[in-house]
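The listed protein sequences correspond, in order, to chains A and B. For the first sequence, position 118 (counting from the first letter as 1) is numbered 114 according to our numbering, and the numbering increases by one without interruption. For the second sequence, position 186 (counting from the first letter as 1) is numbered 182 according to our numbering, and the numbering increases by one without interruption. The C-beta atom is built at its ideal place from N, Cα and C for all residues, glycine as well. First up is the structure itself, then whatever we jot down about it.
2 protein chains.
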Amino acid sequence: MSETAQRRGRGRRPAGEVREGVLRAAADLLLSEGIKAVTFDRVASAAGSSKMTLYKWWPSAGALAAEAYFAHSEHQLEFPDTGDIRADLTAQLRSFVRLLTHEGERTREGTGSVLAGLIGVAQTDPELSAAFSEHYSAPRRALAVAAFEKARDRGQLRAGIDLGILVDQLWGACYNRLLIPDAPLTEDYAVALVNNALDGAAAR
Amino acid sequence: MSETAQRRGRGRRPAGEVREGVLRAAADLLLSEGIKAVTFDRVASAAGSSKMTLYKWWPSAGALAAEAYFAHSEHQLEFPDTGDIRADLTAQLRSFVRLLTHEGERTREGTGSVLAGLIGVAQTDPELSAAFSEHYSAPRRALAVAAFEKARDRGQLRAGIDLGILVDQLWGACYNRLLIPDAPLTEDYAVALVNNALDGAAAR
Chain A
-3 MSETAQRRGR GRRPAGEVRE GVLRAAADLL LSEGIKAVTF DRVASAAGSS
47 KMTLYKWWPS AGALAAEAYF AHSEHQLEFP DTGDIRADLT AQLRSFVRLL
97 THEGERTREG TGSVLAGLIG VAQTDPELSA AFSEHYSAPR RALAVAAFEK
147 ARDRGQLRAG IDLGILVDQL WGACYNRLLI PDAPLTEDYA VALVNNALDG
197 AAAR
Chain B
-3 MSETAQRRGR GRRPAGEVRE GVLRAAADLL LSEGIKAVTF DRVASAAGSS
47 KMTLYKWWPS AGALAAEAYF AHSEHQLEFP DTGDIRADLT AQLRSFVRLL
97 THEGERTREG TGSVLAGLIG VAQTDPELSA AFSEHYSAPR RALAVAAFEK
147 ARDRGQLRAG IDLGILVDQL WGACYNRLLI PDAPLTEDYA VALVNNALDG
197 AAAR
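In structure tokens, the structure reads:
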């Protein structure tokens, strides 16, 4: 029997493979049953790993859920760049709303309920909050600001405005309707959001 | 012994009084220890009530927490109306940010962490979500839209824009920084938010 087979026979898989399997099991639980299903107990059992291994690698089940989500989500960090910031933002925000609200390959109610669950638990789980920021929200914010800077350099956005604010007034506005659902989150809303953020609400 | 005294002697308080005491106990727990401390067990014990009573009146501990918060918060639903929408919004948003971030009479870290906890739990507690909307977010949205309508009638906001969007681009933008803290939530931010929402980001 080869050494590899022996190791396999004793159930010793390479760490990278184990980690990958744990992340996949956590993503499956998250997408099918929601954030509350992602406990160290259930993930360890589904992945055929020991709970000790999970405790060693992740500071909380929430942090594991966040990392698993971004490692295995259908979601891509794409930002179209056609040179027309209004068209690019409209395309990006419409895709974002579609992803949040429409049925996906693995998520029946769209990614929205999963993201909302992650953000929800992040409010009382600092480890999840840090993982969410590191793996998702901070890089997305940086990508958007980079696109805004290019648009400003092309003369499409005003000089002197704080570009970080625009991120909150576009994606943050969508999150507001996702998390506090007093008003509908639709593609039409995404289109109107972009126009309002670019043109302003004040009469001229 | 009078009938009232007899009832008191047996510990039977009027329902309104019991309810008030439960809400106060729930608010105290929420403000001092956060949303996770608001369980039927702990509130019943702190209020000297039976858990059965709480189950009868509130569909979940989260719903009780939301109602308690809005019944006993320092927070007022005020919206200044000086006739100048830019000044009124700036004043309102600055107060809102101050309330979220500064130490209060009863909340050491500002109301922000309490509100964030309520919105967080609302993502997996439909009863809390409904109570939050009924007691807080929907009436606030309606007040803001009413102020916007008056400003539009005065000729300060463009006709034809969806005024609900402005709510997301002002208060929703603040919630975005509260819930996903990748960028700071300050009074300067509130001022810049209002100007950006009114003037737009596009170069002219």
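Distance, SER46 (chain B) Cα to GLY156 (chain A) Cα: On the first sequence, position 160 is the one that residue 156 (chain A) refers to. On the second sequence, position 50 is the one that residue 46 (chain B) refers to. Within the model, the alpha-carbon separation for GLY156 (chain A) versus SER46 (chain B) is close to 59 Å.
Closer than 8 Å at the beta carbon, the chain A residues around SER129 (chain B): Counting from 1 along the second sequence, the entry for residue 129 (chain B) is found at position 133. Here the neighbours are ILE176, PRO177, ASP178.
As assigned by DSSP and simplified to three states, the class of ALA198 (chain B): Along the second sequence, one-based indexing puts residue 198 (chain B) at 202. Assigned with DSSP and collapsed to three states, ALA198 (chain B) falls in strand.
Chain A within 8 Å of LEU89 (chain B), Cβ atoms only: Walking along the second sequence from the start, residue 89 (chain B) turns up at place 93. False, the Cβ-Cβ gap to chain A never drops below 8 Å.
Short CB-CB distance (under 8 Å) between SER28 (chain A) and chain B: Locating residue 28 (chain A) in the first sequence gives position 32, where the first residue counts as 1. Taking Cβ atoms only, chain B never reaches closer than 8 Å to SER28 (chain A), which makes this a no.
Beta-carbon separation (whole angstroms), VAL34 (chain B) vs ALA22 (chain B), contact threshold 8 Å: Here residue 34 (chain B) is taken as the residue at index 38 of the second sequence, counted from 1. Here residue 22 (chain B) is taken as the residue at index 26 of the second sequence, counted from 1. Yes, VAL34 (chain B) and ALA22 (chain B) are in contact; Cβ-Cβ is about 6 Å, under 8 Å.
Contact residues within the segment 31 to 57 of chain A, judged by C-beta distance below 8 Å to chain B: Within the segment 31 to 57 of chain A, the residues whose Cβ lies closer than 8 Å to some Cβ of chain B are ILE31, LYS32, listed in chain order.
Range of the contiguous alpha helix (DSSP H) that encloses TYR171 (chain B): For the purposes of this step, residue 171 (chain B) is identified with residue 175 of the second sequence, where counting begins at 1. Here the alpha helix (DSSP H) through TYR171 (chain B) covers 169 to 175.
Classification of ALA140 (chain A) by the beta-carbon crowding that lies within 10 angstroms, buried from 16 upward: Taking the first residue of the first sequence as position 1, residue 140 (chain A) is located at position 144. Under this definition ALA140 (chain A) is a buried residue.
Sequence ranges, alpha helix (DSSP H) only - wholly within the segment 82 to 126 of chain A, length at least 4: Segments of the alpha helix (DSSP H) lying fully in the segment 82 to 126 of chain A: 108 to 118.
DSSP three-state assignment for GLN153 (chain A), whether helix, strand or coil: The sequence position of residue 153 (chain A) within the first sequence is 157, counting from 1. This sequence places Leu at residue 153 (chain A); Gln is not what is there. LEU153 (chain A) falls in the strand class under three-state DSSP.
Chain-ordered neighbours of SER133 (chain B) on chain A, where CB pairs are closer than 8 Å: Translated into the one-based positions of the second sequence, residue 133 (chain B) becomes position 137. Those are ILE176, ASP178, listed as they occur along chain A.
Interface flag, TYR275 (chain A) vs chain B, CB-CB below 8 Å: Here chain A comprises residues numbered -3 to 200, so residue 275 (chain A) is not present and cannot be evaluated.
Three-state class that DSSP yields for ALA40 (chain A) in the structure shown: As a working note, residue 40 (chain A) is residue 44 in the first sequence. ALA40 (chain A) falls in the helix class under three-state DSSP.
Inter-residue Cα distance where the pair is ALA57 (chain B) and PHE36 (chain B): As a first step, residue 57 (chain B) is located in the second sequence; it is residue number 61 there, counting from the start. As a first step, residue 36 (chain B) is located in the second sequence; it is residue number 40 there, counting from the start. Whole-angstrom Cα-Cα distance: 6 Å.
Helix, strand or coil at GLU16 (chain A) [DSSP, three-state]: Here residue 16 (chain A) refers to the residue found at position 20 when the first sequence is read from its first residue. Three-state DSSP puts GLU16 (chain A) in a helix.
Residue-chain proximity (ARG154 (chain A), chain B), Cβ-Cβ < 8 Å: The residue given as residue 154 (chain A) occupies position 158 in the first sequence. ARG154 (chain A) counts as touching chain B.
Buried versus exposed, by CB contacts within 10 Å (16 or more), GLU202 (chain B): Because residue 202 (chain B) is not part of the residues shown, which for chain B are -3 to 200, the question remains open.
Distance, TYR132 (chain A) Cα to GLY160 (chain A) Cα: Residue mapping note: residue 160 (chain A) aligns to position 164 of the first sequence, counting from 1. Residue mapping note: residue 132 (chain A) aligns to position 136 of the first sequence, counting from 1. Distance between the alpha carbons of GLY160 (chain A) and TYR132 (chain A): 16 Å.
Chain A contact residues for GLY12 (chain B), given Cβ-Cβ distances below 9 Å: Position 16 of the second sequence, counting from 1, holds the residue named residue 12 (chain B). Within chain A, no residue comes near GLY12 (chain B); the closest Cβ sits about 29 Å away, beyond 9 Å.
Burial state of THR78 (chain A) (16 or more Cβ within 10 Å): Within the first sequence, the letter at position 82 stands for residue 78 (chain A). So THR78 (chain A) ends up on the exposed side.
Chain-order list of residues whose beta-carbon lies under 8 Å from that of PHE92 (chain B) (same chain, five-residue window excluded): Position 96 of the second sequence, counting from 1, holds the residue named residue 92 (chain B). In the same chain as PHE92 (chain B), and ignoring 5 residues on each side of it, the C-beta atoms closer than 8 Å to its own belong to TRP167, CYS170, ALA186, in chain order.
Cβ-Cβ separation, GLN152 (chain A) to ALA199 (chain B) (assumed contact under 8 Å), whole Å: Within the second sequence, the letter at position 203 stands for residue 199 (chain B). Within the first sequence, the letter at position 156 stands for residue 152 (chain A). 6 Å between Cβ atoms; contact.
Chain-ordered chain A contacts of ARG137 (chain B) [CB-CB under 8 Å]: To locate residue 137 (chain B), count along the second sequence from 1; it is residue 141. Neighbours of ARG137 (chain B) in chain A, taken as residues at a C-beta separation under 8 Å, are given in chain order as ASP178, ALA179.
Beta-carbon proximity list for PRO55 (chain A), same chain, < 7 Å, skipping 5 on both sides: Translated into the one-based positions of the first sequence, residue 55 (chain A) becomes position 59. Sequence-distant Cβ neighbours of PRO55 (chain A) in its own chain, meaning closer than 7 Å and more than five residues away, are GLU123.
Partners in chain A for THR86 (chain B), counting only beta-carbon separations shorter than 8 Å: One-based indexing of the second sequence puts residue 86 (chain B) at position 90. In chain order: nothing, as chain A lies at least about 13 Å away.
Coarse secondary structure for TRP54 (chain A), derived from DSSP in three states: Translated into the one-based positions of the first sequence, residue 54 (chain A) becomes position 58. Residue state, collapsed to three classes: coil.
Contacts of GLY79 (chain B) in chain A (Cβ-Cβ under 8 Å): Your numbering for residue 79 (chain B) matches position 83 in the second sequence. In chain order: nothing, as chain A lies at least about 14 Å away.
Buried/exposed call for TYR51 (chain A), threshold 16 Cβ in 10 Å: In the first sequence, residue 51 (chain A) corresponds to position 55, counting from 1. Looking at its Cβ environment, which holds fewer than 16 other Cβ atoms inside 10 Å, TYR51 (chain A) is exposed.
Exposed unless 16 or more other CB atoms sit within 10 angstroms - verdict on THR86 (chain B): Taking the first residue of the second sequence as position 1, residue 86 (chain B) is located at position 90. Under this definition THR86 (chain B) is a buried residue.
From A:ASP195, A:ALA147, A:ASN192, A:LEU181, residue whose alpha carbon lies closest to that of LEU95 (chain A): As a working mapping, residue 95 (chain A) is identified with position 99 in the first sequence. Looking at the Cα atoms, A:LEU181 is the closest of the given residues.
Closer than 8 Å to chain A by CB, GLU16 (chain B): For the purposes of this step, residue 16 (chain B) is taken as residue 20 along the second sequence, with counting starting at 1. When Cβ-Cβ separations below 8 Å define contact, GLU16 (chain B) makes no contact with chain A.
Chain B within 8 Å of ALA198 (chain A), Cβ atoms only: Along the first sequence, one-based indexing puts residue 198 (chain A) at 202. Yes, contact with chain B.
Short CB-CB distance (under 8 Å) between ALA193 (chain A) and chain C: Note that chain C does not occur in the displayed structure, where the protein chains are A and B.
C-beta neighbour in chain B for GLY108 (chain A), strict 8 Å: Residue mapping note: residue 108 (chain A) aligns to position 112 of the first sequence, counting from 1. GLY108 (chain A) does not count as touching chain B.
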